[in-house]
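Numbering (numbering that gives the first Met the number 0), first residue to last: 0 to 379. Don't be surprised by glycine CBs; every beta carbon is placed ideally from N, CA and C. So the structure is just underneath, and the comments pick up after that.
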Amino acid sequence: MKPLHPVPIKRPSKRDKEKRILLALVEYYLKTGKAVGSNVLKEVGFPDLSSATIRNYFAALEEEGYLKQQHTSGGRIPTTLAFRLYIDHVLSELEHEVPHSFAVGDTAQDMKEVALFLQRVAEEASEQTGSAAFLSAPRFDRDFVTDIKFIKLDYSRALSIVFTSFGQVYTEILHAPRKIEDQELLAIEAYAHSRLLGKEFEEEGFDENVRELAVRFYQESMTRYLVSYSNFSQEDLFRTGFSKLLRYPEFQEAESLASCLLLFENQTALRGLIRECVKGGAIKYWMGEDLNNFLPVEANCTVIAAPYSINQKQVGAIGIIGPMRLPYKHILTLLNQLAGDVSKFLENSLYKHKISFRTAREARLEMEKSKVLLGPTIEG
């Protein structure tokens, strides 16, 4: 029997040690928000290294752009570059983990629950991360109008509220050619309900002027809804939780908070971020200057989004908006779980109720194809 030779143990390289120190520093900073000194890092995870050795690593990392020093005698804080490395490290670990269900439901009992479910997932993401949250959805077919309400806004304007069988709500401002009386809207709603149910409307005592306005409001509400539904070129969005950003010290300054509000309210920007995420087919993040392509002003915040799929086809994403200092490990894990839950829920629900869907991208391509088939328009 041949003698066994000891297997050489590969020592970590200087670069590996640098990375370990940087990751530990970022994690400590994310938890405390305080600059990290060499003595602190030695105590929390590197007892085998001297403070002087750790300071040498700090100096090297600072030179490489991963750390910065607020004060000459103070500790270091991570830069955006360090946050990126930390997030990429967490994402690489997530690749080897099987996402757990967040127990937000398996199947919709009826299709009205779909929109409610998606809204609930967005609210769950906001609550669990302490951030603003958003979620996009494809357009589901066989979505029927179930109710219409009218609310008087002023002298001659009313708000039309259309409710659908999938739980969606659409609003439009309607204009009347004359003054709208409060009691007239109840009669107009009754007329709209009878039309939706396909019943004869009892017109006895129904003033002709009110009838004309009822027909006008009903037809305009339905026409606008059908045009919007048919010309689906933008993802449906669910947004919630912006007020949660007020608790972060980073957003105590009005300017910083305003830039995040601009992003939260800018549906075009959010849809652009979602499309990038869906196209990449994996969790994606944007920090600070990454958002310059989507906003006219610099936003000092972080956006993270995770795509979800239906039958292995990427169709939407769920994301959060928060400050640079976030519990990234928790958030990335959570978004990964929620995206998996949304995929499972929609697949099961659409199969159960035999519902098909369209993505905004497919709708845009269809519209472009129609323009090509129709050919150039003749002017004048």
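- Residues I147, K148, F149 of the same chain have their beta carbon placed closer than 8 Å to that of E188, with the five preceding and five following residues left out of the count.
- The shortest CA-to-CA distance from G166 to any of G44, Y327, E112 is the one to E112.
- The C-alpha of R141 lies about 34 Å from the C-alpha of T128.
- Its chain contains L93, P98, I282, A305 as the residues whose beta carbon lies nearer than 7 Å to that of N335, once the 5 sequence neighbours on both sides are disregarded; these appear in chain order.
- For the pair K178 and E171, the Cα-to-Cα distance works out to about 18 Å.
- Rounded to whole angstroms, the separation of the alpha carbons of S348 and Y85 is 37 Å.
- Take the alpha-carbon of S258 and the one of F133: they are about 16 Å apart.
- By the Cβ criterion, the segment 66 to 78 is in contact with the segment 10 to 28, since at least three pairs of Cβ atoms, one from each stretch, lie closer than 8 Å.
- The beta carbon of V296 lies closer than 6 Å to those of S258 in the same chain, with the five residues before and after it left out.
- By the Cβ neighbour-count rule, L184 is buried, with 16 or more other Cβ atoms within 10 Å of its own.
- Sequence-distant partners of D181 (beyond 5 residues in either direction) whose C-beta falls short of 7 Å from its own C-beta, in its chain, are K151.
- Under the Cβ criterion (8 Å, minimum of three pairs), the segment 275 to 293 does not count as touching the segment 241 to 248.
- Beta-carbon to beta-carbon, L272 and G321 are separated by about 14 Å, too far to satisfy the 8 Å threshold.
- Annotated three-state conformation of I187 is helix, per DSSP.
- Scanning its chain for C-beta atoms nearer than 6 Å, with the 5 sequence neighbours on each side dropped, one finds no residue around E123.
- Of the residues assessed, V226 falls on the exposed side of the cut-off, its CB having fewer than 16 other CB atoms within 10 angstroms.
- For the set R215, A131, I20, E61, the Cα lying nearest the Cα of L325 is the one of A131.
- Annotation note: the segment 265 to 293 contains the following uninterrupted alpha helix (DSSP H) runs of length 4 or greater, listed N- to C-terminal: 266 to 279.
- By the CB criterion at 8 Å, A175 and A186 fall outside the cutoff.
- Apart from sequence neighbours up to five positions away, the residues of its chain that approach F216 with a beta-carbon distance below 6 Å are L173, I187, ordered along the chain.
- Look at V314 here: in three-state DSSP terms it is strand.
- In the DSSP assignment, E171 falls within the beta strand (DSSP E) that extends over 168 to 174.
- According to the DSSP secondary-structure assignment, I319 is paired through a beta bridge with A132, I303.
- CA-to-CA, the gap between T358 and A316 works out to about 12 Å.
- Proximity to S355 across Y224, P46, R138 peaks at R138, based on C-alpha coordinates.
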